[in-house]
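full-length UniProt numbering puts the sequence shown at residues 1 to 96.
The beta-carbon is built from N, C-alpha and C at its ideal position, and this holds for glycine as well.
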Amino acid sequence: MRIDKFLKVSRIIKRRQVAKEVADQGRIWINEKQAKCSTPVKVGDQITIRFGHKKSTFEVLEIMDSTKKKDASEMYRLVSEERIPFDENGTTKESL
């Protein structure tokens with residue numbers, strides 16, 4: 001399954017278009033490699049997303065083409081979440 005679709009189905013990112021834009025901006029990594037919106041994702045992959053001043057890492061537990069909202073969180077596990085500090089210019093100090 002493509003990363004943009006996985007992020008939408010799992011509801012990590014609510015809309016597929018937003019997931020595509022985030023990937024196109026270079027803010028999604030799969031197993032520490034920068035991902036495009038069409039990059040395939042599989043069970044066991046580690047997905048890291050930098051969104052604003054937060055970096056979150058998820059482990060893919062299950063791939064489903066569609067799911068109910070209450071079951072979406074069963075598709076992944078949050079591995080880590082951290083705030084990215086800003087420098088004096090207001091930009092993040094880390095790119096990953």
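Here DSSP, grouped into helix, strand and coil, assigns Val79 to strand. For the 7 Å CB-CB criterion, Lys55 and Glu82 form a contact. Around Ile13, the same chain offers Leu7, Ala19 and Val22 as residues with beta carbons nearer than 7 Å, after the five sequence neighbours per side are excluded.
Residues of the same chain with a CB within less than 7 Å of the CB of Met64, apart from the 5 flanking positions on each side, are Val9 and Met75 in chain order.
Less than 7 Å separates the beta-carbon of Arg16 from that of Asp4. If you draw a straight line from the Cα of Val41 to the Cα of Pro85, it comes to about 29 Å.
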